[in-house]
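Chemist:
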Amino acid sequence: MQIRHFLQFKDFDRQEHEYLFDRTRWIKNEFKQYRRYWPLTDRTLAMIFEKHSTRTRLSFEAGMHQLGGSAIYLSTRDTQLGRGEPVEDAARVISRMVDIITIRTHEHEIITRFAENSRVPVINGLTDEYHPCQILADIYTFMEHRGSITGKTVAWIGDSNNVCNTWLQAAEVFDFNVHVSTPPGYEVEPERAGLYGTDHYEQFASPHDAVRDADLVTTDVWTSMGFEDEAVARKNDFADFRVDAEMMAGAKKEALFMHCLPAHRGEEVDAEVIDGPQSVVWDEAENRLHTQKALMEYLLLGRIGIR
Ligand code: CP
Ligand code: NVA
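Per the working numbering, numbering through the sequence shown is continuous, rising by one, with the last residue being 901.
#1: Quick check on DSSP: helix, strand or coil for W632?
#2: By how many angstroms is the C-alpha of V767 removed from the C-alpha of P778?
#3: Looking only at its own chain, which residues have a Cβ that is under 7 Å from the Cβ of Q872, when we skip the five neighbours before and after it?
#4: Give me the Cα-Cα distance between T638 and K622, rounded to the nearest whole angstrom.
#5: For R671, which of helix, strand or coil comes out of DSSP?
#6: Within the present structure, is the beta-carbon of C758 separated from the nearest heavy atom of the ligand CP by less than 7 Å?
#7: Report whether the distance from the Cβ of L855 to the nearest heavy atom of the ligand COA is below 7 Å.
#8: Could you please give the first and the last residue of the uninterrupted alpha helix (DSSP H) stretch that includes S653?
#9: Quick one: grab the DSSP three-state call for L639.
#10: Am I right that V748 and T670 are in contact with their C-beta atoms under 8 Å? What's the rounded C-beta distance?
#11: Quick check: the segment 756 to 771 against the segment 735 to 748, are there 3 or more CB pairs under 8 Å?
#12: May I have a chain-ordered list of the beta strand (DSSP E) segments no shorter than 3 residues that lie completely inside the segment 682 to 722?
#13: Taking only the alpha-carbon atoms, compute the straight-line gap between F600 and K645 and give it to the nearest angstrom.
#14: Out of H739, S818, H702, E878, which has the shortest C-alpha to C-alpha gap to D809?
#15: Report the rounded CA-to-CA distance for I597 versus G844, giving the unit in angstroms.
#16: Just tell me which of P801, Q602, G678, H853 has its CA closest to the CA of H702.
#17: Taking 7 Å as the limit between beta carbons, can you name the residues of its chain near M737, skipping five residues before and five after?
#18: Check whether the segment 703 to 719 and the segment 728 to 736 touch, using three or more Cβ-Cβ pairs below 8 Å as the test.
#19: Cβ of T635 within 8 Å of Cβ of G657?
#20: Is the separation between the beta-carbon of T721 and that of T699 shorter than 8 Å?
#21: With distances taken Cα to Cα, identify the nearest neighbour of D607 among D803, I642, S689, P726.
#22: How long is the line joining the alpha carbons of G719 and S800, rounded to whole angstroms?
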């Protein structure tokens, strides 16, 4: 079987994503029924982290155990990667010892070089440019609450970061619209976002215009990991881009609110919104576990079961 990686959302076509969501539904249900499902017995996942993580680390580690395999956490702080061992060499070595690898790192180019030298599937656990596993969980969560996302409108408020770029790729795969509103100077860069050039997003100067008629309003931290030097300037630049109750009221009445977490209440989102009735952030976080179990199953075993 040819090795597949999941480095960007668009690495899988729509059919593959739909298959993953079908498998997620089944795997989640088995888990909720306390039924053992161990298709990955004796398989090992290496998890390489160059940045902090709670959800990504835990969901991959717990997910691999729940599928019958084991997981090993490697921080760059205490591996040779942190002392300048070439990424290519690390990929060659690590991929001889484990069956699948997830990496959280800085520039996307690092994970690309790693994958090119890996004998086993590599999963992007977040890079400066993309966070594909997050959007797998987000779209699955949307479907659980509202059905198909095709034709719907997602409003992205704030920084055009890794999570935003991935929403834009997903819009092309699933044919929905994204209304993006960022402060001047922080607009989407289509090439960096890896878009096909199809017409699935629109930029709005005002976040209030962006949320109009939206089925989902979503945001993220103003300062992503690795950009801490810009934090003070960003607090100032993003001050008008907080998702508050008034902004939510401009979206559809049944609109959902999502945030990949961790969140800063009183900065990018008010407590009233994230802790309010439209928020599905805890389902969103939980679904990281179920969608990534389906992802690992697919990358290691290919298509199984019924569709
Ligand atoms: N949303 C997300 O990826 O969270 P962590 O940084 O905690 O992994
Ligand atoms: N955009 C954020 C997401 C964290 C899960 C970051 O990159 O820090």
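Glycine included, every Cβ here is placed at the ideal spot set by N, Cα and C.
Modeler: Based on what the coordinates show:
#1: For the purposes of this step, residue 632 is taken as the residue at position 38 of the sequence shown. W632: coil per DSSP, three-state reduction.
#2: Here residue 778 refers to the residue found at position 184 when the sequence shown is read from its first residue. Here residue 767 refers to the residue found at position 173 when the sequence shown is read from its first residue. Approximately 27 Å, taken between the alpha carbons.
#3: Position 278 of the sequence shown, counted from the start, is the residue given in the question as residue 872. M842, A849, L850, F851, listed in sequence order.
#4: Indexing the sequence shown from 1 puts residue 638 at position 44. Indexing the sequence shown from 1 puts residue 622 at position 28. Near 21 Å, if we compare the C-alpha coordinates of K622 and T638.
#5: On the sequence shown, position 77 is the one that residue 671 refers to. Residue state, collapsed to three classes: helix.
#6: Within the sequence shown, the letter at position 164 stands for residue 758. No.
#7: This structure lacks the ligand COA; its bound ligands are the ligand CP and the ligand NVA.
#8: Your numbering for residue 653 matches position 59 in the sequence shown. For S653, the enclosing alpha helix (DSSP H) covers residues 649 to 660.
#9: Within the sequence shown, numbered from 1, the residue matching residue 639 stands at position 45. In this structure, L639 counts as strand in the three-state DSSP scheme.
#10: Within the sequence shown, numbered from 1, the residue matching residue 748 stands at position 154. Within the sequence shown, numbered from 1, the residue matching residue 670 stands at position 76. Rounded, the Cβ-Cβ distance is 33 Å, inconsistent with contact.
#11: yes
#12: 694 to 698, 716 to 718
#13: Residue numbering aside, residue 600 sits at position 6 when the sequence shown is read from its first letter. Residue numbering aside, residue 645 sits at position 51 when the sequence shown is read from its first letter. If you take the alpha carbons of F600 and K645, they lie about 19 Å apart.
#14: Here residue 809 refers to the residue found at position 215 when the sequence shown is read from its first residue. Among H739, S818, H702, E878, the Cα nearest to that of D809 belongs to H739.
#15: In the sequence shown, residue 597 corresponds to position 3, counting from 1. In the sequence shown, residue 844 corresponds to position 250, counting from 1. About 45 Å.
#16: Along the sequence shown, read from residue 1 onward, the residue named residue 702 stands at position 108. Answer by Cα proximity: Q602.
#17: In the sequence shown, counting from the first residue as 1, residue 737 sits at position 143. Cβ neighbours of M737 beyond the five flanking positions: F615, I743.
#18: The segment 703 to 719 vs the segment 728 to 736: no contact.
#19: Position 41 of the sequence shown, counting from 1, holds the residue named residue 635. Position 63 of the sequence shown, counting from 1, holds the residue named residue 657. No, these two residues do not count as a Cβ contact at 8 Å.
#20: Residue mapping note: residue 721 aligns to position 127 of the sequence shown, counting from 1. Residue mapping note: residue 699 aligns to position 105 of the sequence shown, counting from 1. Yes.
#21: On the sequence shown, position 13 is the one that residue 607 refers to. That would be P726, whose Cα lies nearest to the Cα of D607.
#22: Here residue 719 corresponds to residue number 125 of the sequence shown, with the count starting at 1. Here residue 800 corresponds to residue number 206 of the sequence shown, with the count starting at 1. Answer to the nearest angstrom: the Cα atoms are 31 Å apart.
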